[in-house]
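Asker: The numbering of the sequence shown is the numbering used here, which starts it at 24 and goes up by one.
Each residue gets a CB set at the ideal place from its N, CA and C atoms; glycine is no exception.
Note that the structure is predicted; figures quoted are calculated from it, not measured.
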Amino acid sequence: MLIVITGAAGLVGTLVRPLLRRPGRVLRLIDIAPIEDLGEGEEFVQASITDLGAMTAAFDRADLVIHLGGHSSERPWEQILETNIQGGYVVLEAAYRAGVRRVLLGSSLHAVGYVAARDAASAPVLHPRPDTYYGVGKVALEALGSVYADRFGLTVVSARICTVGETIGGGGRTLSTWVSPGDLVRLMEAVAVLDQPGHHLVWAVSDNTRGWFSLDAGKAIGFHPLDDAENHLGPETDGRDDPSALLAGVFVDDAHPLGGTW
């Protein structure tokens with residue numbers, strides 16, 4: 024099996040790579056930043072996700088493309104448009120041209136950041152309410168995934184990734200939004216064998232005791248998270264959360280202006 028990962032030098036790519044390695048599996052890693060610590064079965068392609076020719080060539084014979092590339096937080100509009108939105112189009116177009124049947128798109132809870140936490144589980148799918156230009160980019164990515172799934176019969180999963188980390192840090196809202204590297208890989212493994220053409224929108228989050236999100240859509244495609252932030256409480260953990268708060272968290276406070284660089 025050949026799995027291609029864009030943005031492989033970023034946080035999520037770095038965390039999941041060791042867990043995705045299998046005998047007989049090739050991980051083809053794509054990033055503009057060099058990756059020098061290649062493990063067994065890993066290949067590196069240095070290229071931009073905005074380069075259609077390079078992406079089409081890199082996706083050749085791939086069984087699954089995991090798209091994690093792009094800016095990982097707020098940026099000026101021009102940067103989000105060029106890298107996150109245009110890059111999302113290029114990845115999907117390249118996957119189609121290369122004959123790839125399965126694509127996992129790394130979306131974000133910031134596509135719905137203006138939803139209150141208490142309302143997050145009201146439906147398996149929440150309508151877009153982005154909190155930033157970054158969030159708008161994720162909404163556009165989900166929409167592009169839907170178009171390519173419907174037009175060309177691809178299996179596309181848009182994963183609204185929540186708070187990523189090996190630990191839960193200081194706690195607080197992270198007790199509700201945390202996703203472990205292990206559960207991210209369980210989602211990726213589910214998509215790697217998914218035989219349900221169409222667009223599937225799921226939460227990439229662990230099965231947290233204080234979780235705010237419905238896990239039904241993920242379970243419907245074979246994603247069954249096993250980890251729980253509650254099992255990682257430390258002596259300095261703040262156990263408080265605020266269900267009346269927005270999913271965006273600090274992304275909409277005065278220190279995080281729209282279009283800023285943080």
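Select from 105, 58, 74, 73 the residue whose C-alpha is nearest the C-alpha of residue 67.
Answerer: Answer by Cα proximity: 58.
Asker: So for residue 279, helix, strand or coil by DSSP?
Answerer: DSSP places residue 279 in coil when its eight states are reduced to three.
Asker: Return the residue from the list 210, 89, 35 that minimises the CA-CA distance to residue 244.
Answerer: Residue 210 is the option with its Cα nearest to residue 244.
Asker: Could you give the C-beta distance for residue 139 and residue 267, rounded to a whole number, given that I count them as a contact under 8 Å?
Answerer: That pair is a contact at about 6 Å.
Asker: Does the Cβ of residue 269 have 16 or more other Cβ atoms within 10 Å, making it buried, or fewer, making it exposed?
Answerer: Counting Cβ neighbours within 10 Å, residue 269 comes out buried, since at least 16 surround it.
Asker: Distance check for residue 185 and residue 202, CA to CA, integer angstroms please.
Answerer: Computed Cα separation, rounded: 6 Å.
Asker: If you reduce the DSSP assignment to three classes, tell me which class residue 169 lands in.
Answerer: Note: residue 169 maps to helix in three-state DSSP.
Asker: Taking the alpha carbon of residue 199 as the point to measure from, which residue in 180, 83, 29, 226 has its own alpha carbon closest?
Answerer: Answer by Cα proximity: 226.
Asker: Quick one: which unbroken alpha helix (DSSP H) runs of 4-plus residues sit fully inside the stretch 75-101? Chain order, please.
Answerer: Runs of the alpha helix (DSSP H) inside the stretch 75-101: 75-81.
Asker: According to DSSP, is residue 124 part of a helix, a strand, or is it coil?
Answerer: If DSSP states are grouped into helix, strand and coil, residue 124 belongs with coil.
Asker: Between the stretch 122-130 and the stretch 237-252, are three or more C-beta pairs nearer than 8 Å?
Answerer: Verdict: no, contact absent.
Asker: Any idea if residue 41 is buried or exposed, counting beta-carbon neighbours within 10 angstroms, 16 or more meaning buried?
Answerer: Per the 10 Å Cβ criterion, exposed.
Asker: One question on the structure: do residue 43 and residue 208 come within less than 7 Å of each other, judged by their Cβ atoms?
Answerer: Yes.
Asker: For a quick check, are the C-beta atoms of residue 134 and residue 153 less than 7 Å apart?
Answerer: Against a cut-off of 7 Å, the Cβ pair of residue 153 and residue 134 comes out as a contact.
Asker: Tell me which residue opens and which closes the alpha helix (DSSP H) that residue 287 is part of.
Answerer: No statement about residue 287 is possible, as the shown extent of the chain runs from 24 to 285 and does not include it.
Asker: For residue 156, which residues in the same chain have their Cβ closer than 8 Å to its Cβ, ignoring the five residues on either side in sequence?
Answerer: So the list reads 97, 98, 99, 100, 103, 281, 282, once near-sequence residues are dropped.
Asker: What span of residues does the beta strand (DSSP E) with residue 25 cover, start to end?
Answerer: Where residue 25 is concerned, the enclosing beta strand (DSSP E) stretches over 25-29.
Asker: Which stretch, first to last residue, makes up the beta strand (DSSP E) that contains residue 228?
Answerer: No beta strand (DSSP E) contains residue 228, which DSSP labels as neither H nor E.
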